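*Asks:* First the structure, then my questions, so here it is.
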Amino acid sequence: MEGTYYLQIGTILHDRYEIKDILGAGGFGITYKAWDNTLQTEVCIKEYYPVGIANRTVTASQVSVYTNADEASYKRGMQRFLREARGLAKLGSVKNIVNVHDYFEENNTAYMVMEYLKGKTLKCFVRENGGKVDEDVAIHVACSVLEALQHVHAVGIIHRDISPDNIYICDNMEVKLIDFGALKQEIAELNKSTSIILKYGFAPPEQYTSNSREQGAWTDIYAVGATVYYILTGLIPQDSIMRMMEDVLVPLEEIIPSISKNFSDAIMKAMSLNIRERFASAEDFLNELPSDTETNDTKNRQQRKKSYKDNYVKSVKKTKGRHEKTEKKENQHSSGRKK
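Under our numbering, think of the first position of the sequence shown as 21, with each following residue one higher.
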């Protein structure tokens, strides 16, 4: 990313974590793959590094601020970063949230150490599966994210950036909520800009205002609805600001006639432009989701999610077995030719 200088490979942080690779950079931070020398395991480390404020020379680890005028904004953002890390660390036992193991200040910046996930983003998962998913998979994703949000909202954190980019599908089909956007919101307010954080089609109208006090659990609920709409249809929903001028968002049941009405109604309610017409909480939204086309029995819903995971794993093993048989035949053929 232009204007960003990463930590050098091999850098040791906190006398414990060795930087192994650069995974990416965004508007407010850099993400690294690292090795935990204490626990002897791979971890993911996010470094607080707001674009347009932070600076670092190519070979240095220390972060500086461009101007004295930026110093207060930088420090304020760093404290927000650490508060968010502390909040997420308290949710370590929640399976559908990326676990935060550690956080600390160093190099005039802050770091968050998280579990290293193996899998792909929901966006990639959908693309690799033909551009959309069936209702069972969508329900599995929605339920997993909403279960996570119940815990997140309970400790006073709003995600603010839910989209297919920030939902992770692990290799075992577990769903993880990643890359919280509360800090991005604060930086946007400091820079008087929303362009660095809002994703077209997934952000509700209240996020286009400069007043974050208008945002709450309902903000995340809209984004979950928009994400499910997208993975079911393969279509990015009409952006909320455009909907405010002329709402032409096509109801799910008109695009997918076979979808259960309860599910379709729940998603469209979550995407209401009026905050008061959305679900009041993640729990309320979750309770309206069907476990199948007729009921919303929690036990059946969990059994179906397990069944989908089992079938997915069996499919992967079956494909792997075919590859191994092919390789064995090729090796036997090659050995025969040598004789």
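C-beta: ideal position from N, C-alpha, C; glycine also.
Keep in mind the model is a prediction, meaning the values are calculated, not measured.
1) Need the endpoints of the alpha helix (DSSP H) that residue 35 sits in, please.
2) Within the chosen definition, does the stretch 137-153 reach the stretch 291-305 through at least 3 CB pairs nearer than 8 Å?
3) Using the C-alpha atoms, what's the distance from residue 219 back to residue 250?
4) Enumerated in chain order, which unbroken segments of the alpha helix (DSSP H) with a length of 4 residues or greater are wholly contained in the stretch 257-296?
5) Report the three-state DSSP secondary structure of residue 354 (helix, strand or coil).
6) I'd like to know if the stretch 27-39 and the stretch 95-103 are in contact, where contact means that at least 3 CB-CB pairs between them fall below 8 Å.
7) Between the beta-carbon of residue 63 and the beta-carbon of residue 133, is there less than 8 Å?
8) Cutting at 7 Å between CB atoms, please list the residues of its own chain near residue 78, excluding the five before and the five after it.
9) So within the stretch 88-148, which uninterrupted beta strand (DSSP E) runs reach at least 3 residues, ignoring any that extend past its ends?
10) What's the gap between the Cα of residue 125 and the Cα of residue 48?
11) What whole-angstrom Cβ distance do residue 50 and residue 69 have, given they're in contact under 8 Å?
12) Tell me whether the stretch 269-276 and the stretch 164-181 touch, counting them as touching only if at least three CB pairs, one residue from each stretch, are closer than 8 Å.
13) As a quick exercise: from 89, 65, 67, pick the residue whose alpha carbon is nearest that of residue 73.
14) If you draw a straight line from the alpha carbon of residue 141 to that of residue 287, how long is it in whole angstroms?
15) For residue 29, is the classification buried or exposed, using 16 other Cβ atoms within 10 angstroms of its Cβ as the cut-off for buried?
16) With three or more C-beta pairs closer than 8 Å as the rule, is the stretch 152-159 touching the stretch 257-264?
17) Which residue's Cα is closest to the Cα of residue 310: 282, 131, 53, 239?
18) Identify whether residue 62 lies in helix, strand or coil by the three-state DSSP scheme.
19) Which word fits residue 190, buried or exposed, when buried means at least 16 other C-beta atoms lie within 10 angstroms of its C-beta?
*Replies:* Walking through what the data contain:
1) Segment: none, residue 35 is in no alpha helix (DSSP H) and carries neither H nor E.
2) no
3) When rounded, the distance between both Cα atoms is 13 Å.
4) 260-265, 272-275, 281-290
5) Unreliable positioning characterises residue 354 in this predicted model, as indicated by a pLDDT of 45, which lies under 50. The coordinate reading is nonetheless provided below. Helix at residue 354.
6) no
7) yes
8) 25
9) If we require 3 residues or more, the beta strand (DSSP E) runs fully inside the stretch 88-148 come out as 120-126, 129-135, 139-141.
10) Cα to Cα, residue 125 sits roughly 16 Å from residue 48.
11) With 8 Å as the limit, residue 50 and residue 69 qualify as a contact, their Cβ atoms being about 5 Å apart.
12) no
13) 89
14) 21 Å
15) exposed
16) No: fewer than three Cβ pairs fall under 8 Å.
17) 282
18) Strand.
19) exposed
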